[in-house]
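J.: Sharing a structure here in structure tokens format.
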Amino acid sequence: MALQALQSSGVTFRKILSHFPEELSLAFAYGSGVYRQAGPNSDQKNAMMDFVFTVDDPVGWHSKNLKKNRSHYSLLKFLGPGIITSIQNNYGAGVYYNSLVMCDGRLIKYGVISTSILIEDLLNWNNLYVAGRLQKPVVKIVVMNENVSLRAALDKNLRSAVTAAFLMLPESFSEEDLFVEIAGLSYSGDFRMVVGEDKTKVLNIVKPNIAHFRELYGSILQENPQVVYKTQQGRLEIDKSPEGQFTQLMTLPKTLQQQINHIMDPPGKNRDVEETLFQVAHDPECGDVVRLGLSAIVRRSSIRQSTKGIFTAGIKKSVIYSSLKLHKMWKGWLRKTP
Numbered sequence: 001m002a003l004q005a006l007q008s009s010g011v012t013f014r015k016i017l018s019h020f021p022e023e024l025s026l027a028f029a030y031g032s033g034v035y036r037q038a039g040p041n042s043d044q045k046n047a048m049m050d051f052v053f054t055v056d057d058p059v060g061w062h063s064k065n066l067k068k069n070r071s072h073y074s075l076l077k078f079l080g081p082g083i084i085t086s087i088q089n090n091y092g093a094g095v096y097y098n099s100l101v102m103c104d105g106r107l108i109k110y111g112v113i114s115t116s117i118l119i120e121d122l123l124n125w126n127n128l129y130v131a132g133r134l135q136k137p138v139v140k141i142v143v144m145n146e147n148v149s150l151r152a153a154l155d156k157n158l159r160s161a162v163t164a165a166f167l168m169l170p171e172s173f174s175e176e177d178l179f180v181e182i183a184g185l186s187y188s189g190d191f192r193m194v195v196g197e198d199k200t201k202v203l204n205i206v207k208p209n210i211a212h213f214r215e216l217y218g219s220i221l222q223e224n225p226q227v228v229y230k231t232q233q234g235r236l237e238i239d240k241s242p243e244g245q246f247t248q249l250m251t252l253p254k255t256l257q258q259q260i261n262h263i264m265d266p267p268g269k270n271r272d273v274e275e276t277l278f279q280v281a282h283d284p285e286c287g288d289v290v291r292l293g294l295s296a297i298v299r300r301s302s303i304r305q306s307t308k309g310i311f312t313a314g315i316k317k318s319v320i321y322s323s324l325k326l327h328k329m330w331k332g333w334l335r336k337t338p
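So for the sequence shown, the UniProt record's numbering puts the first residue at 1; every next one is plus one.
Quick look at the structure:
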């Protein structure tokens, strides 16, 4: 199963998790503090470690975490675990982040998301926020329970990422081309790529981690009937006929299909999604339409989640965190300046 490529039993990560309530259905670490990246994020030793904790009972988990780690929370801690969970579930991308936390000698940031909301995002790409992080092998899964629905959704998310990337690529392309498209799915339309993030972020993720991408997606590519995967040459060929593209479009996550329908449906027509996807499959600009749909999803969720972060982190931490992001962007710009 492709998902096995994400597994990790790192002692460092488990030691950090020991400071938190144990009721986790999934916990993973991600980003430059976990896997090597090129560019300004290459210094793993001092990089902040990012985590996401998935919990079945957010109210109960926050209640216990407030007792153990009250200082991690902003002033919202005075409103109690019920309000914190309501803010987590109903605003932004369904994640509640505590930022700039010192834990076991490392600076960390951790997000909390409901298991049911994560499964919905993995299957339908409602926000493509946490789902997008789990499409990249710059992730180490530290805890995963035997939730069959969650495991199936994690696998479906990877397959959807491959399909979306296929629709935006030509008939023949390299492994690196594919992995760059996949890594860029959750950054398409993200306003932070304009302000605050290094512009070469996607390439910096892919280049040092080609082998990890190959391990994560290899079996999916070999099993896909629409692709010829020449592993020795590191090249792929896909079916770009209207029939092939229609098959791919019909398997895309529901929210992306709806966004494509919204983009292509003229006022007053009110066509159903399948009719619109059939039209897009015959359109030479099919890949561009898919990219516009992705951008619409990511733009909305990234803006809402970042706005929410001002309140969940608190003003002081938000200012510090934003300046760290801008500093990384500045370092990346300086590296490219002759």
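Just so it is clear, CB atoms sit at the ideal spot from N, CA and C, and this is done for glycine as well.
1. Just to confirm the assignment, what range does the beta strand (DSSP E) spanning A29 have?
2. Could you give the residue range of the beta strand (DSSP E) that holds M144?
3. S174 lies in the beta strand (DSSP E); which residues open and close that run?
4. On the DSSP bridge list, what partners appear for L236?
5. Excluding the 5 residues preceding and the 5 following T251 in the sequence, name in chain order all residues of the same chain whose CB lies nearer than 7 angstroms to its CB.
6. Consult DSSP for M102 and reduce its assignment to one of helix, strand or coil.
7. For Y187, which of helix, strand or coil comes out of DSSP?
8. Out of T115, L203, N98, S114, which one is the CA nearest neighbour of L107?
9. With a 10 Å radius around its C-beta and 16 neighbouring C-beta atoms as the bar for buried, classify T255 as buried or exposed.
10. Please determine, among L249, S295, R291, S306, the residue with the shortest C-alpha to C-alpha distance to Q279.
11. When DSSP builds the beta bridges, which residues end up paired with M49?
12. Name the residue from I260, F51, P170 whose alpha carbon lies nearest to the alpha carbon of V273.
13. Say whether the stretch 143-157 touches the stretch 198-217, bearing in mind that this needs 3 or more beta-carbon pairs closer than 8 angstroms, one atom from each stretch.
14. Going along the chain, which residues of its own chain have a beta-carbon closer than 8 angstroms to the beta-carbon of L236, five neighbours each way excluded?
15. Straight-line CA distance for D57 to D288?
16. Under the three-state reduction of DSSP, which class applies to V34: helix, strand or coil?
17. Check whether the stretch 21-30 and the stretch 50-66 are in contact - that is, three or more C-beta pairs closer than 8 angstroms.
18. Measuring only the C-alpha atoms, how far is P81 from G94?
19. Measuring only between beta-carbons, confirm whether A164 sits less than 7 angstroms from chain D.
20. The alpha helix (DSSP H) that contains E274, what's its start and end?
T.: The answer reads as follows:
1. Locating residue 29 in the sequence shown gives position 29, where the first residue counts as 1. Residues 26-30.
2. Position 144 of the sequence shown, counted from the first residue, corresponds to residue 144. Counting along the chain, the beta strand (DSSP E) containing M144 begins and ends at 139-144.
3. The count along the sequence shown starts at 1 and reaches residue 174 at position 174. Looking at the DSSP string, the run of the beta strand (DSSP E) that includes S174 is 172-174.
4. Sequence index remark: in the sequence shown, residue 236 carries index 236 (1-based). L236 is bridged to F173, Y229.
5. Working through the sequence shown from its first residue, we reach residue 251 at position 251. Answer for T251: T163, listed in chain order.
6. Position 102 of the sequence shown holds residue 102. Strand.
7. For the purposes of this step, residue 187 is identified with residue 187 of the sequence shown, where counting begins at 1. It is helical.
8. On the sequence shown, position 107 is the one that residue 107 refers to. Nearest of T115, L203, N98, S114 to L107, Cα basis: N98.
9. Here residue 255 refers to the residue found at position 255 of the sequence shown. Per the 10 Å Cβ criterion, buried.
10. Working through the sequence shown from its first residue, we reach residue 279 at position 279. If we check each option's Cα against that of Q279, L249 comes out closest.
11. Numbered from 1 along the sequence shown, position 49 holds the residue referred to as residue 49. According to DSSP, which records beta bridges pairwise, M49 is partnered with I108.
12. Locating residue 273 in the sequence shown gives position 273, counting from the first residue. Of the candidates I260, F51, P170, the one whose C-alpha sits nearest the C-alpha of V273 is I260.
13. no
14. Residue 236 sits at position 236 when you count from the first residue of the sequence shown. Around L236: S172, F173, S174, E175, L178, L221, V227, V228, Y229, K230.
15. Along the sequence shown, one-based indexing puts residue 57 at 57. Along the sequence shown, one-based indexing puts residue 288 at 288. Between D57 and D288, the C-alpha separation is close to 40 angstroms.
16. Here residue 34 corresponds to residue number 34 of the sequence shown, with the count starting at 1. Coil.
17. yes
18. Numbered from its first residue, the sequence shown carries residue 81 at position 81. Numbered from its first residue, the sequence shown carries residue 94 at position 94. When rounded, the distance between both Cα atoms is 15 angstroms.
19. Protein chains in the displayed structure number just one, and chain D is not present.
20. If you number the sequence shown from 1, residue 274 lands on position 274. Per DSSP, E274 belongs to the alpha helix (DSSP H) from 273-281.
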